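Comments concern the structure below.
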Amino acid sequence: AENAAIDNNTHPAAWTYQNIDYMRSQLKRMGFSYDWDREIATCTPEYYRWEQWLFLRMYEKGMAYRKESFVNWCESCQTVLANEQVENGLCWRCGKEVRQKKLRQWFFKITDFAEELLVYCDRLPGWPEKVITMQKNWIGKSIGAEIRFPVEGSEKSISVFTTRQDTLFGATFMCLAPEHPMTLELSRGTPREGDVDRFVERMSRLDRSDKAVELYEKEGVFIGAWCINPLSGRRIPIFTANFALMEYGTGAVMSVPAHDQRDLDFARKYDLDVIVVVSPKDQDLDEKTMTEAFTGEGIMVNSGFFNGMESKKALEEIAAYLEEKGIGKKTVRFRLRDWGISRQRYWGAPIPMIFCNTCGIVPVRDEDLPIILPEEANLLEGGKSPLPVLDSFLKTSCPKCGNPDARRETDTMDTFVESSWYFERYCSPRCNSGMFEKKDVDYWMPVDQYIGGIEHAILHLLYSRYYTRVLNAFGLVECKEPFTRLLTQGMVCKETTSCPRHGFLFPGETRTEEENRICTKCGSNLILGRVEKMSKSKKNVIDPNTLLDKYGADTTRLFCLFAAPPERDLEWSEQGVEGGFRFINRLWRLTSGWIRHIRDVNPYTGSATELEGEVRTLYKKIHQTIAKVTQDIEERFHFNTAISAVMELVNAMSGIKPDPEEPEKRAVMRFALETVVTLLSPIVPHVAEELWETLGKGESILLTGWPSYRRDALDQDDLLVVVQVNGKLRSRFSIASDAGDEEIKARAMDDERVKGFIGKNPVKKVILVKKKLVNIVI
RNA sequence: GCGAGAGUGGCGGAACUGGGAGACGCACUGGACUUAGGAUCCAGCUCUGGAAACAGAGUGGGAGUUCGAAUCUCCCCUCUCGCACCA
Numbered sequence: 067a068e069n070a071a072i073d074n075n076t077h078p079a080a081w082t083y084q085n086i087d088y089m090r091s092q093l094k095r096m097g098f099s100y101d102w103d104r105e106i107a108t109c110t111p112e113y114y115r116w117e118q119w120l121f122l123r124m125y126e127k128g129m130a131y132r133k134e135s136f137v138n139w140c141e142s143c144q145t146v147l148a149n150e151q152v153e154n155g156l157c158w159r160c161g162k163e164v165r166q167k168k169l170r171q172w173f174f175k176i177t178d179f180a181e182e183l184l185v186y187c188d189r190l191p192g193w194p195e196k197v198i199t200m201q202k203n204w205i206g207k208s209i210g211a212e213i214r215f216p217v218e219g220s221e222k223s224i225s226v227f228t229t230r231q232d233t234l235f236g237a238t239f240m241c242l243a244p245e246h247p248m249t250l251e252l253s254r255g256t257p258r259e260g261d262v263d264r265f266v267e268r269m270s271r272l273d274r275s276d277k278a279v280e281l282y283e284k285e286g287v288f289i290g291a292w293c294i295n296p297l298s299g300r301r302i303p304i305f306t307a308n309f310a311l312m313e314y315g316t317g318a319v320m321s322v323p324a325h326d327q328r329d330l331d332f333a334r335k336y337d338l339d340v341i342v343v344v345s346p347k348d349q350d351l352d353e354k355t356m357t358e359a360f361t362g363e364g365i366m367v368n369s370g371f372f373n374g375m376e377s378k379k380a381l382e383e384i385a386a387y388l389e390e391k392g393i394g395k396k397t398v399r400f401r402l403r404d405w406g407i408s409r410q411r412y413w414g415a416p417i418p419m420i421f422c423n424t425c426g427i428v429p430v431r432d433e434d435l436p437i438i439l440p441e442e443a444n445l446l447e448g449g450k451s452p453l454p455v456l457d458s459f460l461k462t463s464c465p466k467c468g469n470p471d472a473r474r475e476t477d478t479m480d481t482f483v484e485s486s487w488y489f490e491r492y493c494s495p496r497c498n499s500g501m502f503e504k505k506d507v508d509y510w511m512p513v514d515q516y517i518g519g520i521e522h523a524i525l526h527l528l529y530s531r532y533y534t535r536v537l538n539a540f541g542l543v544e545c546k547e548p549f550t551r552l553l554t555q556g557m558v559c560k561e562t563t564s565c566p567r568h569g570f571l572f573p574g575e576t577r578t579e580e581e582n583r584i585c586t587k588c589g590s591n592l593i594l595g596r597v598e599k600m601s602k603s604k605k606n607v608i609d610p611n612t613l614l615d616k617y618g619a620d621t622t623r624l625f626c627l628f629a630a631p632p633e634r635d636l637e638w639s640e641q642g643v644e645g646g647f648r649f650i651n652r653l654w655r656l657t658s659g660w661i662r663h664i665r666d667v668n669p670y671t672g673s674a675t676e677l678e679g680e681v682r683t684l685y686k687k688i689h690q691t692i693a694k695v696t697q698d699i700e701e702r703f704h705f706n707t708a709i710s711a712v713m714e715l716v717n718a719m720s721g722i723k724p725d726p727e728e729p730e731k732r733a734v735m736r737f738a739l740e741t742v743v744t745l746l747s748p749i750v751p752h753v754a755e756e757l758w759e760t761l762g763k764g765e766s767i768l769l770t771g772w773p774s775y776r777r778d779a780l781d782q783d784d785l786l787v788v789v790q791v792n793g794k795l796r797s798r799f800s801i802a803s804d805a806g807d808e809e810i811k812a813r814a815m816d817d818e819r820v821k822g823f824i825g826k827n828p829v830k831k832v833i834l835v836k837k838k839l840v841n842i843v844i
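67 is the number of the first residue of the first sequence in the working numbering; add one for each residue after it.
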């Protein structure tokens, strides 16, 4: 809710009512309380109640579960850090070393819906292509095989997942994730035990997801055990390596150095065998010297009875063979992982679970909901949650056995959970008998048009799609997809400024003195940072009130909408705001000037053929403008070009002078003014309302319909035809719009300038684009 | 490193499907009206050459497809967003 309601990352076009008091009243109306001074927004207890209620239902069905996984952990802050909060392996807040820690946390089983979420990507035609692509890549379906490699001298086997089972004969070693249970197990008692222990220990300290790590070399250690390649029978060494991830696949990788670059680098480093099993058609690979793995398709070699087969075919054949022999099976894997919703934070809905010494994990009873946040809590240093040390919250009795020594789960839910169903709650905000009234939600949902920043292209949008499916599975909503059409706004960016002593500064905390930007608090010279998306933490935000005070809301709106199309990133600049202000004033003067001539005149809405000269041209222009503005707004939200079109129309109107002898002129002008005001009414509502009244309308412009255009008035009387010679523009002429192709061609060939360029060269070809262009090829 | 976008005059941007590059606006320059202009109106405004007519070049760089490319393909550069070394 915090993010949805007040967010300065949003495009300025979203400042429809950028007025703090208005926002506050809206928040209050929606049931939120907002403490502006502490920058804290809290959900109503009702919202917590129903979110926790659904969590319990999901827990009952196994859709919410608790498991152990690795997180970035800062011992000094006692907090989990997101990857971007780790800089070079150090905590961004305290600068101390970050290590990998095993933590038991709660997860939602989003992977159950991976296939559906993927398939439905293609049923979202109203979404931008790029977002669909990103979601598909994120879900990441891959089809391959799971293969078991027997461990030498043991009953056990190691399972690997691969998409390249065609290269199985080329697997010359195995890599296990350091966290893989078999890593330590198999090394135990071997001469390698000590080295492996040290490696695993070292890996657990490193932040394995930080981008700096990617620059590190691939490294690993032999664990002193061997396994058998189930197809070739080859005895292959088992390593543990830093690039093998427990979270993906099975945590074990079969390494085929000839056909995977990473494996090849590793093999060269540790002097391991390379066997080519797919031979490219146009080159020979030398196993001894090759430095680039061959990852394409080719012909199978060194692969027993699959030799000579196309590798593409072998992919299928080997999978089938493995299945038949019981060594492996065809498998589908998704890149998508379950959604970890636990946060060790104060803000968020508490996860309604209780730990009892005798009963274990016990869910809170429905009648005890909501579990709300204790208000007496103080935020601890470094953003650490106060809940685990707050007895009034922590201590409770077990709902099952009554044991008074039970304690509550102190993890709270990811705020992405809240933002995954707020739109459903908005459909039914006052419901207190459930999450929402089904009939209300079924009436409104799905959202016809959703608008949000491009930064949400994956997480928020995918979580919302998932959560809606969960609600659907419980029969709470009919729809399966929450958003029919999606518009992703670009980022509004601005340079950051920081002071060596005070950190990031708001623009208002800086001033310019003798061409130096300095801090108003201490006078230090500022460090100018790069241009980044506006954010509260970086303080590179602007206050729209400056513009509102100087120009008013209409100019501010017009300016913001005119600046760029909404999906585009934008570096904030107030250059150009004057233009919008002047335009509104020009329209105002134009209306005031004409009003005495058109006061009692009815707008002309007839056919264009009845009109002549400049009036006829203007009349057509009006209809063309209606068409353009309607299309720009309705189809693409391109307010900037819609506004340009209206500006063009107003420019054309300015050139027309009142004439008492011409009643048509006055009637057309009346139509023009009414049209312009209506077209602008969503953009500059206050001025539009005033002008509407000036035009003698008794009713609010809000009650007026959107103008429609006459199809017969859209066509130009004359066409402008462009003539090219060999693709270069050489001449142009206008011709009646009903002229035929042959007539246009003849006219082009006859053009004096064109003749000059053709000279004595023979004409090879004449290309005609209907009513637009002639290209003469010589 | 991976995934997804973007790059057009001094600036914001326009050109929807391959067909007039620079609409509309800002800034700037000149002029008109003015005691004045920070109001308004008129004109100019991609670069190079030219008094002009006009010619040539030009949409991040390089190649290609095409009668024709800002638009399509390949390689490279820069910026932005997201990220989990994805077997």
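Don't be surprised by glycine CBs; every beta carbon is placed ideally from N, CA and C.
What you are looking at is a predicted structure, and each value in this text was computed from that prediction instead of being measured.
Residues near residue 218 in its chain [Cβ-Cβ closer than 8 angstroms; skip 5 each side]
Excluding residues up to 5 positions away in sequence, 291, 292, 293, 294, 301 lie with their Cβ nearer than 8 angstroms to the Cβ of residue 218 in the same chain.
In whole angstroms, what separates the C-alpha of residue 529 from that of residue 462?
The alpha-carbon separation between residue 529 and residue 462 amounts to approximately 32 angstroms.
Same chain, Cβ closer than 8 angstroms to residue 532, neighbours up to 5 away in sequence not counted:
The answer, listed in chain order, is 174, 176, 179, 183, 405, 486.
The alpha helix (DSSP H) with residue 658 in it runs from where to where?
Boundaries of the alpha helix (DSSP H) harbouring residue 658: 643-664, taken from the DSSP string.
Is residue 409 helix, strand or coil by DSSP?
Residue 409: strand per DSSP, three-state reduction.
Can you tell me whether residue 347 is helix, strand or coil according to DSSP?
Residue 347 falls in the coil class under three-state DSSP.
Between 482, 614, 242, which lies nearest to residue 29 when the distance is taken from Cα to Cα?
It is not possible to answer for residue 29, since the shown part of the chain is limited to 67 through 844.
DSSP-derived helix/strand/coil call for residue 326
The answer is coil: DSSP assigns residue 326 none of H, G, I, E or B.
Measuring straight from C-alpha to C-alpha, what distance separates residue 387 and residue 308?
Answer to the nearest angstrom: the Cα atoms are 32 angstroms apart.
Same chain only: Cβ atoms within 6 angstroms of residue 454, ignoring 5 sequence neighbours per side
Correct list, in chain order: 476.
Looking at C-alpha atoms only, which residue of 656, 775, 620 is the closest neighbour of residue 685?
The shortest C-alpha separation from residue 685 is found at 775.
Endpoints, alpha helix (DSSP H) assigned at residue 555
Here residue 555 belongs to no alpha helix (DSSP H); instead the beta strand (DSSP E) covers 549-555.
CA-to-CA distance, residue 470 to residue 246, given in whole angstroms:
One C-alpha to the other measures close to 39 angstroms.
Limits of the unbroken alpha helix (DSSP H) element including residue 531
Residue 531 -> alpha helix (DSSP H) spans 525-539.
When the Cβ atoms of the segment 582-594 are set against those of the segment 610-618, are three or more pairs found closer than 8 angstroms?
Below 8 angstroms, too few C-beta pairs join the segment 582-594 and the segment 610-618 to call them touching: fewer than three.
Same chain, Cβ closer than 7 angstroms to residue 783, neighbours up to 5 away in sequence not counted:
Excluding positions up to five away in sequence, the list reads 803.
Measuring only the C-alpha atoms, how far is residue 438 from residue 599?
Rounded to the nearest angstrom, the two C-alpha atoms are 34 angstroms apart.
If distances are taken between C-alpha atoms only, which option among 376, 359, 358 comes closest to residue 365?
Measuring from the Cα of residue 365, the nearest candidate turns out to be 376.
Run the CB neighbour count on residue 833, radius 10 Å, all protein chains shown included, and call it buried at 16 or more, exposed below.
When all chains shown are included, residue 833 counts as exposed.
For residue 470, the first and last residue of its enclosing alpha helix (DSSP H):
For residue 470, no alpha helix (DSSP H) run applies, since DSSP gives it neither H nor E.
Near residue 512, what residues of its chain come up, given a Cβ to Cβ distance below 7 angstroms and the 5 sequence neighbours on each side ignored?
Once the five neighbours on either side are set aside, the close Cβ partners of residue 512 are 545, 547, 548, 549, 550.
Short Cβ contact (9 angstroms threshold) for residue 787 with residue 829:
Their beta carbons are not under 9 angstroms apart, which means residue 787 does not touch residue 829 by this criterion.
Give the secondary structure of residue 82 by DSSP, where H, G and I count as helix, E and B as strand, and everything else as coil.
Bear in mind that the predicted position of residue 82 carries a pLDDT of just 30, short of 50, making it too unreliable to give a figure here.
Quick check on the DSSP output: the alpha helix (DSSP H) that includes residue 709 runs from which residue to which?
Counting along the chain, the alpha helix (DSSP H) containing residue 709 begins and ends at 705-720.
Backbone secondary structure at residue 253 - three-state DSSP
Residue state, collapsed to three classes: helix.
Within 10 angstroms of the Cβ of residue 768, are there 16 or more other Cβ atoms? Answer buried if so, exposed if not.
Its Cβ having fewer than 16 others within 10 Å, residue 768 is exposed.
According to DSSP, is residue 462 part of a helix, a strand, or is it coil?
DSSP places residue 462 in strand when its eight states are reduced to three.
Determine the burial state of residue 276: buried for a count of at least 16 other Cβ atoms within 10 Å of its Cβ, exposed for fewer.
Any answer about residue 276 is weak, because its pLDDT of 39 lies below 50 and its placement is not dependable; what the coordinates show is given next. Classification for residue 276: buried.
On the three-state DSSP scale, how would you describe residue 601?
Of the three classes helix, strand and coil, the one that applies to residue 601 here is coil, per DSSP.
Validate contact between the segment 387-397 and the segment 348-367 using beta carbons, cut 8 angstroms, 3 pairs
No: the two stretches stay apart, fewer than three of their Cβ pairs being nearer than 8 angstroms.
Roughly how many whole angstroms lie between the Cα atoms of residue 208 and residue 298?
Going by the C-alpha atoms only, they are around 25 angstroms apart.
CB of residue 417 within 9 angstroms of CB of residue 172, strictly
Annotated as proximal: residue 417 and residue 172, with beta-carbon spacing under 9 angstroms.
What span of residues does the alpha helix (DSSP H) with residue 790 cover, start to end?
Taken as a continuous stretch (DSSP letters only), residue 790 belongs to no alpha helix (DSSP H), being part of the beta strand (DSSP E) at 784-791.
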